[in-house]
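For reference, the structure is listed below as structure tokens.
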Amino acid sequence: MRYIPGIHGLQPRRKTLARRGYLSILIPAHRKALTHLFLSSHVLAVEVLRWSERYRPRIPREWRLCRFCKIAVEDEIHALLRCTIAPGLAELRGLFLADAYAACPMLVDTWDRLDDEDRLACLL
2 MRYIPGIHGL QPRRKTLARR GYLSILIPAH RKALTHLFLS SHVLAVEVLR
52 WSERYRPRIP REWRLCRFCK IAVEDEIHAL LRCTIAPGLA ELRGLFLADA
102 YAACPMLVDT WDRLDDEDRL ACLL
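Right, here's the structure in full:
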């Protein structure tokens, strides 16, 4: 069995062909949004501007800036955890994190020690 780094040390690698927990999300729109995020078929600039469309060349990654703050690349981590300029996003993120802390009290202690990639992995 192969092990991969995780939040609590090494964790066993997941089976490739297995039903994932996110497929059991009851609200169809939430399930679809999370599936789009996992499959990189979302509308964030990091993905959409990677495609070369008719009459538009592929845009370099460092030019795919956030549509709200225009400071950082609009990738999954920036959109979900970092961007504070988007109207209402910081408040929604705060409410979501409060719910996450209530569901998993251990997260409160470890949140500040995690980098953004581990935070996103922990939430997903």
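Residue 33 in this note's numbering sits at position 32 of the sequence shown, with consecutive numbering throughout. Even for Gly, the Cβ is constructed at its ideal location relative to N, Cα and C.
Check	Outcome
Of all the CB atoms in chain D, is at least one closer than 8 Å to the CB of Val-49?	Here chain D cannot be found, since the structure has a single protein chain.
Would you list, in sequence order, the uninterrupted beta strand (DSSP E) runs of no fewer than 3 residues that lie entirely inside the region 57-112?	none
Take the Cβ of Leu-50 as the centre, count every other Cβ of all protein chains shown within 10 Å, and call the residue buried at 16 or more, exposed below.	buried
Please go through the region 13-38 and give each complete alpha helix (DSSP H) segment of 4 or more residues, from N-terminal end onward.	none
Can you tell me the Cβ-Cβ gap for Phe-97 and Ile-86, rounded? I've got them flagged as a contact below 8 Å.	That pair is no contact at about 18 Å.
Report buried or exposed for Leu-45, applying the criterion of at least 16 other Cβ atoms within 10 angstroms of its Cβ.	buried
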